[in-house]
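In this note's numbering, the protein residues as written are 1226 to 1521.
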């Protein structure tokens, strides 16, 4: 009788896993901002791209803000965000696949080799299949009210959101315009060095600002600061900001990487012109945040 219960438990577990896998949306590639879909989006599709894993790089798709705050605001205007080629696709998919490979090599987390773009308007509610969700260039996003409601539910159900690659006060204000709608009653705070997210795998007490690929040409850490203020920083993105939002139990559910470009550090990890030290830290941050999301 005991053996029968064991078999039943195993079969039930497999049934739950199979149901979850079938609930996930089929894989699809979109045209990226920087890469041509006709040329493979800058990186080959892994042969095992459709093999599921317990962790997948889930990238948030979102509508772009109509506000004009920089050249990006008009460069891709007129494109349908649901078909790619807008702000959410910056660094995509090269960044996603490089970080996925790093997770495979540096942890024991069973990792899918290809990313999954997530549309919050999807009626299958695909977002709930992924514990870790990432968005790039959130200084240019603007979620709709239905998207905000589903996004809030995802986070309160235990989801973890990491956002990255936005700089200066104009982009910060665009970001919080939406984030304050998601959590009007929760405060964005500075993350202390003692927070578990900085110590899940690597101890990251000695963090520094990770620049984007513009560093290759300009050697500037800051993406949007042609000049610096007297006190050493200004409103254009000098100085990394490690911020977040906690839930009522003290779990970090939103990790905000402001004035840095971790996505570029992953994307250019194999580029000899991009300094190794930036990719080394960027990948360690990704490993820690993902491990935290899977364990908290």
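The beta-carbon is built from N, C-alpha and C at its ideal position, and this holds for glycine as well. This structure is a prediction, so every number in the text was calculated from the model and none was measured.
Taken in chain order, the unbroken stretches of beta strand (DSSP E) that lie wholly in the segment 1381-1433 and span 3 residues or more are 1385-1389.
A distance below 8 Å separates the beta carbons of residue 1319 and residue 1268. The way I'd put it, the segment 1330-1339 doesn't touch the segment 1370-1377; fewer than three beta-carbon pairs between them come closer than 8 Å.
Secondary structure note for residue 1267: it is in no alpha helix (DSSP H), with a DSSP letter that is neither H nor E. For the pair residue 1474 and residue 1343, the Cα-to-Cα distance works out to about 27 Å. Boundaries for residue 1335: no beta strand (DSSP E) harbours it, and the DSSP string shows neither H nor E there. Its Cα nearest to that of residue 1381, the residue 1478 stands out among 1499, 1478, 1513. Where residue 1344 is concerned, the enclosing beta strand (DSSP E) starts and stops at 1341-1344.
Closest by C-alpha distance to residue 1250, out of 1471, 1417, 1400, 1349, is 1349.
Boundaries of the alpha helix (DSSP H) around residue 1507: 1501-1520.
For residue 1362, there is no enclosing alpha helix (DSSP H), as DSSP marks it with neither H nor E. For residue 1467, the enclosing beta strand (DSSP E) begins and ends at 1466-1471. Beta-bridge analysis with DSSP links residue 1280 to 1336. Under the criterion of beta carbons closer than 8 Å, residue 1274 and residue 1339 qualify as touching, at roughly 4 Å.
Here residue 1464 really is in contact with residue 1434; their C-beta atoms are around 7 Å apart, less than 8 Å. Take the alpha-carbon of residue 1519 and the one of residue 1302: they are about 36 Å apart.
Residue 1415 and residue 1469 have their C-alpha atoms spaced approximately 6 Å apart. Contact annotation, residue 1377 with residue 1353: C-beta distance approximately 13 Å; criterion of less than 8 Å not satisfied. Inter-residue distance for residue 1324 and residue 1292 is about 31 Å (C-alpha atoms, whole angstroms).
Closest in C-alpha terms to residue 1438, from the list 1488, 1426, 1401, comes 1488. DSSP places residue 1445 outside both helix and strand once states are collapsed to three, so it counts as coil.
In the structure shown, residue 1487 falls within a helical segment according to DSSP collapsed to helix, strand and coil.
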